[in-house]
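**Student:** Quick note, the sequences are listed as chains V and Z, same order.
Residue numbers for the first sequence, in the numbering used here: 399 to 721.
Residue numbers for the second sequence, in the numbering used here: 359 to 784.
Below is the structure I would like to discuss, written out as structure tokens.
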Amino acid sequence: MAAAGLPPPPPPGAPPLSASIASPVRTSASWRESLSRDGVFYAFVAPFAILTILFGLWPIILSIQVSFTASATALKPNAAYVGFENYRAIFADPVFLASLGRTLAYTAAAVVANVAFALAVALLLDSKLIGRGRTFFKVAVFLPVVTPDVAGYVVWKWLYDRSFGAVNAALDLIGLPAFGGLASVGTVTIAILIAELWKHAGFYVIIFLANLAIRDRALDEAAAIDGATAWQRLVHVTLPQLRPALVINGVYALIQFLKTFTVVVVMTKGGPADTTNFVSYYAYQLFDQGRYGEATAMATVLFGIVAVLALTAYGIGERGDRR
Amino acid sequence: MRLGTLFAGAAVGLLLAAAPARAQELTVWHDLGDNGTQWFERLGAEFAKTNPGVTVKASSFPTDQWFGRVISALNTDTAPDLIYNNYERVIRIQTQTGKVSDLKGALGAITDKGFLAEDDLRVATFGGKMIILPVQRVQMALGVRKSWLDKVGETFPATWADVQRVAVKFREGDPDGNGKADTFAMALQAAKPRDLIHMLDLFTFGSGLRHTLVDPQGTIVIDEPEHAKVLVEFLKTYTTYGYVSPDTINHTFTDMYQLIEGGRGGMFRVGDWNVKKWDSQAIKGDFVVGPWPKFKADRGNAVVIGGMRGIAVPENSPKKALATAFAQFMLTKPAQQASLELVGAAVRKDLDTAALSDRQKFFADAKGTLVAYDFPESVHSWYPELEAAFHRKLMTALAAPPKDFEAFVKETAAEMRDLKAKLAAK
């Protein structure tokens with residue numbers, strides 16, 4: 399007799415249970431069975447699946463297709479296919495290569511800055527240091543996320559104005575040297591990174607707060623009783639429990655910053671001297687000139703990089719979870 | 359049954375015969391804003407007098423969007439009937455689509471066209487096709503705030519030395535009288551590709567020189583003494599002289615117009631198309647228009663002709679014959695008079711200018727020296743790529759000003775020669 403809660407042993411000659419569960423091959427009979435059993439589920443999912451395929455996957459496939467055509471014919475019904483010519487052209491373009499390197503470097507800096515900053519803010523909001531004002535601060539941190547991108551960045555552009563901007567006025571007030579802001583090659587990257595931090599960090603904070611809310615506080619208390627310092631508890635008890643949020647935020651930030659675009663359009667137009675000419679913006683410029691083949695080749699390369707990096711990061715996170 | 363069908367057919371035939379001229383709508387895509395749309399509406403009403411039932415629907419797009427829309431529409435056979443823009447933009451449309459009609463025949467059929475000069479027709483021709491009918495010369499002059507000049511005790515600057523003296527007073531003399539140091543001597547822009555070159559074109563052609571980067575033979579000219587002088591002063595204007603806003607390196611046309619219309623820039627470019635608006639709104643007539651300053655005593659001051667705006671008919675225009683007739687109509691006197699009054703520019707010289715303001719007359723009468731762009735893109739196929747590299751090089755100088763500008767110009771000229779050789783060999 400089988401023990402309570404365990405499935406009965408398979409009859410003699412039957413395939414092992416694990417094999418029948420793991421087998422990826424499904425017969426048409428099993429599909430029919432699945433459809434009749436989960437029909438309602440598929441009915442509800444179908445509209446969204448169709449919309450995703452139509453408006454999510456189909457444009458991506460079309461974009462990849464355009465990257466193999468001659469720009470002048472790209473939008474015609476009988477487009478001329480040029481093989482990998484557009485890819486050869488963009489990888490021979492020093493501006494694109496510089497732009498790609500710049501995009502990767504900016505993404506690395508922005509992901510680390512945003513996730514680290516959001517983690518610090520979330521820990522602060524979760525701590526007892528913040529009393530009654532907790533909700534107010536949560537709303538304040540999240541508000542930029544729901545602010546329209548363009549409006550937010552226009553305000554930042556004014557703040558950085560070297561003649562009349564509030565940033566330099568404040569620095570001047572406390573006797574510090576002027577900040578080059580958006581007009582200096584040396585400061586423009588940090589300037590847009592700060593603006594993006596303001597815009598996006600609130601989203602990451604919320605994810606961290608959600609994870610903090612469901613963590614096992616007893617572990618923290620036990621570690622405290624065992625004499626662990628606050629730093630030791632943070633590193634060895636709290637952070638390991640925040641792995642899911644770290645993975646989600648890391649992957650999401652990676653995708654977001656590899657595609658950095660709006661902040662550049664509004665604040666710098668890729669300048670000064672191409673310092674913020676990231677791949678998305680460069681591709682947009684070519685698109686604007688009707689160089690569709692090269693523009694979509696760039697977009698495809700960026701899409702490939704985003705997909706590989708995001709999946710790798712997610713995979714690393716998942717593996718860590720299983721351990 | 360057969361009899362019924364016969365009666366029905368006869369009734370439809372009678373109805374069609376009795377109907378007034380069939381209504382037809384011509385669509386025009388341009389980038390001239392509200393003034394342009396009003397102009398096309400008036401042209402439509404005028405055209406309808408000889409073409410009953412025809413209406414014109416004009417849509418204005420920001421220039422960047424105009425490119426994308428026109429290229430897409432022509433390539434997907436959803437073209438408008440007509441497109442309207444500067445010649446060099448129509449060249450780009452033709453390069454990207456190959457679907458701009460040759461209007462040589464349409465021009466040939468016009469009898470009254472003596473006002474079009476050889477230069478006008480050369481600009482309108484690309485790759486052996488007349489891709490536009492020239493409708494408006496694009497003139498650009500120097501504008502200076504009148505009240506600011508009065509405040510600092512100066513008159514309109516004629517030489518570069520005058521400009522420099524006025525610039526310092528505009529920057530430091532509180533010319534708007536608000537007690538704050540919030541004014542800039544000049545309002546320029548640099549952010550987008552070609553914009554910086556466009557500003558350099560004004561300085562170069564305005565001082566009487568004929569080429570910005572290359573001559574018709576393809577020789578790089580920027581390190582020739584007179585050119586180098588203009589280029590160095592131009593770069594210093596953006597950097598070490600401090601005549602412009604320190605954020606100008608990121609300024610687009612929109613930012614530049616904000617400085618001008620917001621009353622913070624003292625000297626600026628005035629296009630013939632700006633005057634109507636600035637006479638009544640924003641600046642409210644508080645500006646003087648004149649030619650660009652000269653850099654050398656024996657050179658004259660000039661007003662820059664930045665090309666030609668014209669009407670083009672796509673090969674796949676839905677109503678091509680009617681669209682071509684409308685394009686021809688745009689060169690008639692009533693159409694040109696409307697162009698002058700509503701957009702500030704035309705190509706005919708027999709128009710009535712009595713009702714125009716002094717500033718509009720400055721352009722309409724065109725009495726000063728006019729120096730036209732050299733249009734290298736229509737001569738050298740490699741020019742756009744060379745110009746893009748030149749733009750990037752100049753941007754590096756604005757971002758990190760060199761200690762020795764003359765050496766920078768020589769170095770840039772050498773780089774441009776190398777690049778030109780590579781591009782020409784392709």
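Just so you know, even glycine gets a beta-carbon here, dropped at the ideal spot from N, CA and C.
Give a yes or no on whether the minimum CB-CB distance between Asp559(V) and chain Z is below 9 Å.
**Tutor:** Taking Cβ atoms only, chain Z reaches closer than 9 Å to Asp559(V), which makes this a yes.
**Student:** Assign Ala420(V) to one of two classes, buried (16 or more other C-beta atoms within 10 Å of its C-beta) or exposed (fewer than that).
**Tutor:** Interpretation of Ala420(V) is limited by its pLDDT of 46, a score under 50 that renders its predicted location unreliable; the figure taken from the coordinates is listed afterwards. It counts as exposed.
**Student:** Please tell me whether Gln454(Z) has its Cβ less than 9 Å away from any Cβ of chain B.
**Tutor:** Any reference to chain B falls outside this structure, whose protein chains are V and Z.
**Student:** Check whether the stretch 456–468 of chain Z and the stretch 405–422 of chain Z are in contact - that is, three or more C-beta pairs closer than 8 Å.
**Tutor:** In short, these stretches do not touch, since the Cβ pair count stays below three.
**Student:** What residues from chain V crowd round Pro657(Z), counting only those whose CB sits closer than 8 Å?
**Tutor:** Note that residue 657(Z) is Arg in the sequence shown, not Pro. Those do not exist, as Arg657(Z) stays about 32 Å from chain V at its closest Cβ, beyond 8 Å.
**Student:** Can you check whether the C-beta of Gln687(V) is within less than 9 Å of a C-beta belonging to chain Z?
**Tutor:** Yes, Gln687(V) counts as interfacial toward chain Z.
**Student:** Using the C-alpha atoms, what's the distance from Lys527(Z) back to Asn536(Z)?
**Tutor:** Computed Cα separation, rounded: 15 Å.
**Student:** Hey, quick one: how far does the beta strand (DSSP E) through Trp387(Z) stretch, first residue to last?
**Tutor:** Start and end: 382–388.
**Student:** Could you name the residues of chain Z that Thr666(V) contacts, counting a contact when the two beta carbons are closer than 7 Å?
**Tutor:** The contacting residues are Asn608.
**Student:** Could you give the residue range of the alpha helix (DSSP H) that holds Leu725(V)?
**Tutor:** Outside the shown range of chain V, which is 399 to 721, sits residue 725(V), and nothing can be said about it.
**Student:** When DSSP builds the beta bridges, which residues end up paired with Met688(Z)?
**Tutor:** Answer is none; Met688(Z) lacks a bridge partner.
**Student:** Just by C-beta distance, which residues in the stretch 666–685 of chain V are closer than 9 Å to chain Z?
**Tutor:** So the close ones are Thr666, Lys667, Gly668, Gly669, Pro670, Ala671, Asp672, Thr673, Gln683, Phe685.
**Student:** Going by the DSSP bridge assignment, what does Met498(Z) pair with across the sheet?
**Tutor:** Bridge partners of Met498(Z): Gly629(Z), Val662(Z).
**Student:** Consult DSSP for Leu473(V) and reduce its assignment to one of helix, strand or coil.
**Tutor:** Coil.
**Student:** How would you call Tyr440(V), buried or exposed, if buried means at least 16 neighbouring beta carbons within 10 angstroms?
**Tutor:** It is exposed - the Cβ of Tyr440(V) has fewer than 16 other Cβ atoms within 10 Å.
**Student:** Using a C-beta to C-beta distance shorter than 8 Å, which residues of chain V count as neighbours of Arg450(Z)?
**Tutor:** Residues of chain V passing the Cβ test: Gln687, Gly688.
**Student:** Measure the CB-CB distance between Gly600(V) and Val543(V) and report whether it falls below 9 Å.
**Tutor:** Yes. Within cutoff.
**Student:** So, with DSSP's three-state summary, where would you put Asn409(Z)?
**Tutor:** It is coil, neither helix nor strand.
**Student:** Leaving out five residues on either side along the sequence, give the residues of the same chain with a beta carbon under 8 Å from the beta carbon of Glu383(Z).
**Tutor:** Here the set comprises Val412, Thr413, Val414, Lys415.
**Student:** Report, in whole angstroms, the separation of the C-beta atoms of Ala704(Z) and Ser697(Z), which I expect to be a contact under 8 Å.
**Tutor:** Sure, about 5 Å apart at Cβ, within 8 Å.
**Student:** May I ask whether a heavy atom of the ligand NAD can be found less than 8 Å away from the beta carbon of Val524(Z)?
**Tutor:** Among the components of this structure there are no ligands whatsoever, and the ligand NAD is therefore not found.
**Student:** Give me the Cα-Cα distance between Pro422(V) and Ala490(V), rounded to the nearest whole angstrom.
**Tutor:** With a pLDDT of only 49 at Pro422(V), under the threshold of 50, the placement of this residue in the model should not be trusted; the figure read from the coordinates follows. Straight-line Cα distance between these residues: approximately 43 Å.
**Student:** Which residue wins for smallest C-alpha separation from Ala730(Z), given the options Ala519(Z), Tyr442(Z), Val661(Z)?
**Tutor:** Here the closest residue by C-alpha is Val661(Z).
**Student:** Below 8 Å, can you find three or more Cβ-Cβ pairs linking the stretch 662–677 of chain Z to the stretch 428–440 of chain Z?
**Tutor:** With the cut-off at 8 Å, the stretch 662–677 of chain Z and the stretch 428–440 of chain Z touch.
**Student:** So the candidates are Leu593(Z), Gly664(Z), Ala683(Z), Pro410(Z); which of them puts its Cα closest to the Cα of Ala670(Z)?
**Tutor:** Looking at the Cα atoms, Ala683(Z) is the closest of the given residues.
**Student:** Run through chain Z and tell me which residues come within less than 7 Å of Val583(V), C-beta to C-beta.
**Tutor:** In chain order: Ala757, Ala758.
**Student:** On a CA-only basis, which of Glu764(Z), Val701(Z), Val646(Z) is nearest Asp508(Z)? Give me that one, please.
**Tutor:** The shortest C-alpha separation from Asp508(Z) is found at Val646(Z).
**Student:** Which residue spans inside the stretch 607–635 of chain V form an unbroken alpha helix (DSSP H) run of at least 4?
**Tutor:** Runs found: 615–623, 628–631.
**Student:** Any idea if Thr513(Z) is buried or exposed, counting beta-carbon neighbours within 10 angstroms, 16 or more meaning buried?
**Tutor:** Exposed is the call here.
**Student:** Less than 9 Å separating the beta-carbons of His609(Z) and Ala548(Z)?
**Tutor:** Contact flag set, yes.
**Student:** Name the residues in the stretch 568–592 of chain V whose C-beta lies less than 7 Å from a C-beta of chain Z; which are they?
**Tutor:** Cβ contacts with chain Z come from Leu580, Ala581, Val583.
**Student:** Which of helix, strand or coil does DSSP assign to Leu373(Z)?
**Tutor:** With a pLDDT of 47 at Leu373(Z), under the threshold of 50, the modelled position of that residue is not reliable, and the figure given next carries that caveat. Helix, per DSSP.
**Student:** Cutting at 7 Å between CB atoms, please list the residues of its own chain near Phe687(Z), excluding the five before and the five after it.
**Tutor:** Excluding sequence neighbours, Phe687(Z) sits near Phe405, Ala693.
**Student:** Is DSSP giving Pro422(V) helix, strand or coil here?
**Tutor:** The predicted model places Pro422(V) with a pLDDT of 49, which falls under 50 and marks its position as unreliable; any figure quoted below should be read in that light. If DSSP states are grouped into helix, strand and coil, Pro422(V) belongs with coil.
**Student:** Contact defined as beta carbons within less than 8 Å: I believe Arg503(Z) pairs with Gly624(Z). What is the distance between those atoms, to the nearest angstrom?
**Tutor:** So it is a contact: roughly 5 Å between Cβ atoms.
**Student:** List the residues of chain Z whose Cβ lies closer than 8 Å to the Cβ of Ser469(V), in chain order.
**Tutor:** Residues of chain Z passing the Cβ test: Gln454.
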